[in-house]
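Counting in this note's numbering, the sequence shown runs from 14 upward without gaps. Have a look at the structure below, then the notes.
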Amino acid sequence: MRRLVFGLILVSLAWLVGLAAFITTLPRPAAGVGDGAPLRSDAVIVYTGGGGARISAGMTLLADGAAERLLISGVHPDTTRDNVAELWAGAPELFECCVDLGWEARSTIGNAGEAARWAAQHDATRILLVTSEYHMPRALAETRITMPDVEITPHPVASGYLDGDGKPASMKAWEKLAGEYNKFILARTKALFAFARN
């Protein structure tokens with residue numbers, strides 16, 4: 014019994030240390046690329062969630078010339094193209110020609126699959142991946158499994174869960190980040206097995 018209790022204590026301590034490391038190494042929200050910036054990628058891919066901040070960031074990147082095309086993955090089934098167009102502040106013709114919506118994905122794994130199919134369809138070999146900063150590690154892990162030969166540049170967006178010092182802003186934020194850390198562990202483990210198979 015003592016060994017079991019001691020083992021549980023060690024596992025709990027390891028988990029807490031890992032959570033602290035996960036939070037402190039989360040990427041800082043990225044700045045926009047600025048007006049007149051040269052093309053940096055073939056495409057921007059946004060994984061939806063957490064309000065419209067991710068979508069707005071992706072649209073800004075496309076409008077500023079960071080890429081030639083934009084995919085918004087995981088769009089809610091009730092959301093129409095006209096609904097999304099209301100968030101677009103650029104030239105209407107750019108939205109019509111170069112913004113694609115994906116309605117299939119319901120999870121990060123689904124996002125990664127939807128993104129991989131879309132990237133292959135459009136011959137995209139360099140992408141900017143847009144999602145919240147706390148979600149980015151898991152999003153990268155899942156996406157690299159489905160797109161091992163694609164160059165992926167993260168573009169993290171502020172979620173509001175972290176304060177200006179990069180610490181959880183509330184108890185709700187702690188709960189959200191702890192849950193995300195658990196999901197990241199699973200995604201990372203799956204990625205290691207996928208790498209070993211290849």
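We put the CB at the ideal spot given by N, CA and C, even for glycine. Every value quoted in this text rests on a predicted model; they were computed, and no experiment measured them.
From which residue to which residue does the beta strand (DSSP E) around residue i run?
i, result
"residue 141", "139-145"
Report the partner residues of residue i according to the DSSP bridge assignment.
i, result
"residue 56", "82 and 140"
"residue 114", "85"
"residue 167", "142"
"residue 175", "181"
Given a cut-off of 8 Å, decide if residue j and residue i are closer than it, judged by their beta-carbon atoms.
i, j, result
"residue 149", "residue 181", "no"
"residue 88", "residue 141", "no"
"residue 155", "residue 139", "no"
"residue 118", "residue 106", "no"
"residue 131", "residue 75", "no"
"residue 174", "residue 196", "no"
"residue 225", "residue 193", "There is no way to answer for residue 225, as the model of the chain reaches only from 14 to 211."
"residue 54", "residue 166", "yes"
"residue 157", "residue 121", "no"
"residue 86", "residue 115", "yes"
"residue 129", "residue 32", "no"
"residue 204", "residue 159", "no"
For the alpha helix (DSSP H) that residue i lies in, which residues bound it at each end?
i, result
"residue 28", "15-37"
"residue 133", "121-134"
"residue 95", "94-98"
"residue 71", "66-76"
"residue 150", "149-159"
Say whether chain C places a C-beta atom closer than 8 Å to the C-beta of residue i.
i, result
"residue 184", "The displayed structure is made up of one protein chain only, and chain C is not part of it."
Write down the C-beta distance between residue i and residue j rounded to the nearest angstrom, noting that I regard them as a contact closer than 8 Å.
i, j, result
"residue 28", "residue 72", "Contact doesn't hold; Cβ gap of about 38 Å is too wide."
"residue 42", "residue 171", "4 Å"
"residue 201", "residue 144", "Not confirmed; about 16 Å, so no contact."
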